[in-house]
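Peer 1:
Residue numbers (our numbering): 754 to 1268.
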């Protein structure tokens, strides 16, 4: 140790370092080696360089300069780090993803508003209206697994571009289809579902490529915030656009917006950070050096999964089923609210369509905000030492038990203001699921995350079809919307119990053959 101190003293004079820099050099000599871009300093003094060759080498990097300075500069560093984050290229990518998911949900929700005047104009019963709305889900049922395989092979940028282009075309053609025949309308809505099936796998793929592990929950939170805001925007603007441009006005506006998004996406974003001409050298190093090594995702040449994934092995593990059941319950609750809440508020509370859409839109806005903070809290828990498994279970319990309790309150609400308050709280808490099972998909099967996402999405779509169609028949047979809300509440509780028992945040071995 004396020799080490003497070496620092010898080095100080010829380098002419200020006092605060000498302190950093001495501290760095006692620190672990940084595996980043480095500059090596060797010290020569009084011809004793040979005796100093055995000293540890000092490694200095741009990341060290930003994150490892003295305590007196910590507050300034945090501000600089936040400023770098919000102006970074990766935030531009996730903002475009959020906008794509906003369009995705807006295109879905337009029909849930238009179904009221369409049912009146065509004499459709509630059960038949549920079939029309579920036609989207029939298309959505067939695409997630194939979409997951495509994403694993070609990357999220290309697949997302094709998906947005196709679902925007389907939305734009809906007015023509509805005036042509019922079969044409059902076909176009099914095409919308097929195209939108690639949206979430593509989002997950781009997040893994562009964000280090310590920022992924927040990135998913931002992306899903766009997803939820799309629902709020669609529910709020659709009645206004209908009053100005007719029933089909929103379909034309949202369809054209999707085409514009594709042009910007293809010209302004890159598939991976190292392919981006706009990214700074510091941000590229930051992303590459902090990427979690256990994830088999390479920047330049992503590793491709087998053409035929090991479905039997994937389905032989209980953690897989915990994700499947969680996704199924999440989709059940999501599509029940998406499809039936405008009708619920209109029939139960006797409010007009504009107010019904407003009451249905408010919860999604809160869900967008709370989803981001749930992701931030999740990242902070993991950084503070909480296990990934416990963190995911806590997030998922909040995301299921909370809405289950709130739906009981909604079922007993006596006026639309109280009903809207319960619904808002229910789906604000529901957003915690995005930091539960949705991020968990990447953790247990990084190599097969796209395929696993597709499998769980398919289960979710089946649950959504049963729930959307079943709600209409349930109300006709039982004569009670609140009764169906109580049934959904019970299913939330059961799904939360199953996830807590069998979920894990650790990587699961899917390569060993099933005995």
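Beta carbons are placed, not taken as given, at the ideal position from N, Cα and C, and that holds for glycine.
In this text the structure is predicted, and so the values were computed from the model without any measurement.
Cutting at 7 Å between CB atoms, please list the residues of its own chain near residue 923, excluding the five before and the five after it.
Peer 2: Taking the chain shown and counting its residues from 1, one reaches residue 923 at position 170. Only 941, 944, 945 and 948 meet the Cβ criterion.
Peer 1: Assuming residue 1118 contacts residue 975 (C-beta within less than 8 Å), just tell me the rounded distance between them.
Peer 2: Your numbering for residue 1118 matches position 365 in the chain shown. Your numbering for residue 975 matches position 222 in the chain shown. In fact, because the Cβ distance is near 15 Å, the residues do not count as touching under 8 Å.
Peer 1: Which word fits residue 1031, buried or exposed, when buried means at least 16 other C-beta atoms lie within 10 angstroms of its C-beta?
Peer 2: By 1-based counting over the chain shown, the position of residue 1031 is 278. Exposed, because fewer than 16 other Cβ atoms sit within 10 Å of the Cβ of residue 1031.
Peer 1: Which runs of the alpha helix (DSSP H) at least 4 residues long sit entirely within the stretch 1154-1208? Give them in chain order.
Peer 2: Counting only runs of 4 or more, we get 1169-1183 and 1190-1197.
Peer 1: Go ahead and label residue 1254 buried or exposed: buried means 16 or more other beta carbons lie within 10 angstroms of its beta carbon, across all protein chains shown.
Peer 2: Along the chain shown, one-based indexing puts residue 1254 at 501. Exposed.
Peer 1: Let me confirm a value: residue 1081 is counted as buried when at least 16 other C-beta atoms fall within 10 Å, else exposed. Which label applies?
Peer 2: Within the chain shown, the letter at position 328 stands for residue 1081. It counts as buried.
Peer 1: Using only alpha-carbon positions, find the residue among 1237, 1121 and 1250 that is nearest to residue 1161.
Peer 2: Sequence index remark: in the chain shown, residue 1161 carries index 408 (1-based). Looking at the Cα atoms, 1237 is the closest of the given residues.
Peer 1: Starting from residue 1001, trace the alpha helix (DSSP H) in both directions and tell me its first and last residue.
Peer 2: Taking the first residue of the chain shown as 1, we reach residue 1001 at position 248. That residue, residue 1001, is in no alpha helix (DSSP H); it is neither H nor E in DSSP.
Peer 1: Just reading off the alpha helix (DSSP H) that residue 883 is part of, what are its end residues?
Peer 2: Counting from one through the chain shown, the residue named residue 883 turns up at place 130. Segment 879-895, the alpha helix (DSSP H) holding residue 883.
Peer 1: Closest to residue 866 by CA distance: which of 1003, 1170 and 1075 is it?
Peer 2: Taking the first residue of the chain shown as position 1, residue 866 is located at position 113. For the residues 1003, 1170 and 1075, the minimum Cα distance to residue 866 belongs to 1003.
Peer 1: Which residues mark the beginning and the end of the alpha helix (DSSP H) in which residue 845 is found?
Peer 2: Stepping through the chain shown from its first residue, residue 845 is reached at position 92. It spans 842-875 - the alpha helix (DSSP H) in which residue 845 sits, taken as one unbroken run.
Peer 1: Residue 891 to residue 884, Cα distance in whole Å?
Peer 2: Counting from one through the chain shown, the residue named residue 891 turns up at place 138. Counting from one through the chain shown, the residue named residue 884 turns up at place 131. Rounded to whole angstroms, residue 891 to residue 884 spans 10 Å at the Cα level.
Peer 1: Quick one: residues in its chain with C-beta nearer than 7 Å to the C-beta of residue 937, no 5 flanking neighbours on either side, listed in chain order?
Peer 2: On the chain shown, position 184 is the one that residue 937 refers to. So the list reads 930, once near-sequence residues are dropped.
Peer 1: Assign residue 904 to one of three DSSP states: helix, strand, or coil.
Peer 2: As a working mapping, residue 904 is identified with position 151 in the chain shown. Reduced to three states, the DSSP call for residue 904 is helix.
Peer 1: Is it a yes or a no for the stretch 1117-1132 touching the stretch 969-987, going by three-plus beta-carbon pairs under 8 Å?
Peer 2: Contact between the stretch 1117-1132 and the stretch 969-987 is present, because at least three Cβ pairs lie under 8 Å.
Peer 1: Quick check: residue 1102 and residue 1172, are their CB atoms within less than 9 Å of each other?
Peer 2: Numbered from 1 along the chain shown, position 349 holds the residue referred to as residue 1102. Numbered from 1 along the chain shown, position 419 holds the residue referred to as residue 1172. Yes, the Cβ-Cβ distance between residue 1102 and residue 1172 is below 9 Å.
Peer 1: Taking 9 Å as the cut-off, decide whether the C-beta atoms of residue 951 and residue 903 are in contact.
Peer 2: Counting from 1 along the chain shown, the entry for residue 951 is found at position 198. Counting from 1 along the chain shown, the entry for residue 903 is found at position 150. Contact flag set, yes.
Peer 1: Measure the CB-CB distance between residue 1176 and residue 1090 and report whether it falls below 9 Å.
Peer 2: For this step, residue 1176 is matched to residue 423 along the chain shown. For this step, residue 1090 is matched to residue 337 along the chain shown. A contact, by the Cβ cut-off of 9 Å.
Peer 1: Do residue 1133 and residue 1186 have their CB atoms nearer than 9 Å?
Peer 2: Taking the chain shown and counting its residues from 1, one reaches residue 1133 at position 380. Taking the chain shown and counting its residues from 1, one reaches residue 1186 at position 433. For residue 1133 and residue 1186, no; Cβs fall outside 9 Å.
Peer 1: Under a Cβ-count criterion, where at least 16 other Cβ atoms within 10 Å of its own Cβ denotes burial, should residue 1180 be classed as buried or exposed?
Peer 2: Taking the chain shown and counting its residues from 1, one reaches residue 1180 at position 427. Buried.
Peer 1: Determine the DSSP secondary structure at residue 1031, reduced to helix, strand or coil.
Peer 2: Numbered from 1 along the chain shown, position 278 holds the residue referred to as residue 1031. Coil at residue 1031, not helix or strand.
Peer 1: Please classify residue 1027 as buried or exposed, where buried requires at least 16 neighbouring CB atoms within 10 angstroms.
Peer 2: Walking along the chain shown from the start, residue 1027 turns up at place 274. By the neighbour-count rule (16 or more Cβ atoms within 10 Å), residue 1027 is not buried but exposed.
Peer 1: Between residue 846 and the rest of its own chain, which residues show a CB-CB distance below 7 Å, the 5 nearest in sequence each way excluded?
Peer 2: If you number the chain shown from 1, residue 846 lands on position 93. Only 959, 963 and 1022 meet the Cβ criterion.
Peer 1: Taking 9 Å as the CB-CB limit, is residue 1003 close to chain B?
Peer 2: No chain B is part of this structure, which consists of one protein chain only.
Peer 1: Does the beta-carbon of residue 1034 have 16 or more other beta-carbons within 10 angstroms, so that it is buried, or is it exposed?
Peer 2: Taking the chain shown and counting its residues from 1, the one referred to as residue 1034 is at position 281. By the neighbour-count rule (16 or more Cβ atoms within 10 Å), residue 1034 is not buried but exposed.
Peer 1: Using 8 Å for Cβ pairs, my map puts residue 1207 next to residue 965. What's the rounded Cβ distance?
Peer 2: Numbered from its first residue, the chain shown carries residue 1207 at position 454. Numbered from its first residue, the chain shown carries residue 965 at position 212. The Cβ separation is near 25 Å, so there is no contact.
Peer 1: Whole angstroms are fine: how far does the CA of residue 1084 sit from the CA of residue 1269?
Peer 2: One cannot answer for residue 1269 here, as it falls past the ends of the chain, which runs 754 to 1268.
Peer 1: Could you tell me the alpha carbon to alpha carbon distance between residue 1006 and residue 912, rounded to whole angstroms?
Peer 2: In the chain shown, the residue the question calls residue 1006 occupies position 253. In the chain shown, the residue the question calls residue 912 occupies position 159. For residue 1006 and residue 912, the distance between alpha carbons rounds to 23 Å.
Peer 1: Can you give me the C-alpha to C-alpha distance between residue 1137 and residue 1131, rounded to a whole angstrom?
Peer 2: Against the chain shown, residue 1137 aligns to sequence position 384. Against the chain shown, residue 1131 aligns to sequence position 378. C-alpha separation (whole angstroms): 10 Å.
Peer 1: Ignore the nearest five residues each way along the sequence and tell me which others in residue 1219's own chain have a CB closer than 8 Å to its CB.
Peer 2: Against the chain shown, residue 1219 aligns to sequence position 466. So the list reads 1085, once near-sequence residues are dropped.
Peer 1: Let me make sure I understand the geometry here. Which of 1037, 1263, 999 and 1240 has the alpha-carbon closest to that of residue 1163?
Peer 2: Residue 1163 sits at position 410 when you count from the first residue of the chain shown. Nearest option by C-alpha distance: 1240.
Peer 1: Should residue 1011 go down as buried or exposed, given a rule of 16 or more other Cβ atoms within 10 Å for buried?
Peer 2: Your numbering for residue 1011 matches position 258 in the chain shown. Counting Cβ neighbours within 10 Å, residue 1011 comes out buried, since at least 16 surround it.
Peer 1: In three-state terms, what does DSSP make of residue 1233?
Peer 2: Locating residue 1233 in the chain shown gives position 480, where the first residue counts as 1. It is coil, neither helix nor strand.
Peer 1: For the alpha helix (DSSP H) containing residue 931, list its first residue and its last residue.
Peer 2: By 1-based counting over the chain shown, the position of residue 931 is 178. Taken as a continuous stretch (DSSP letters only), the alpha helix (DSSP H) holding residue 931 covers 909-933.
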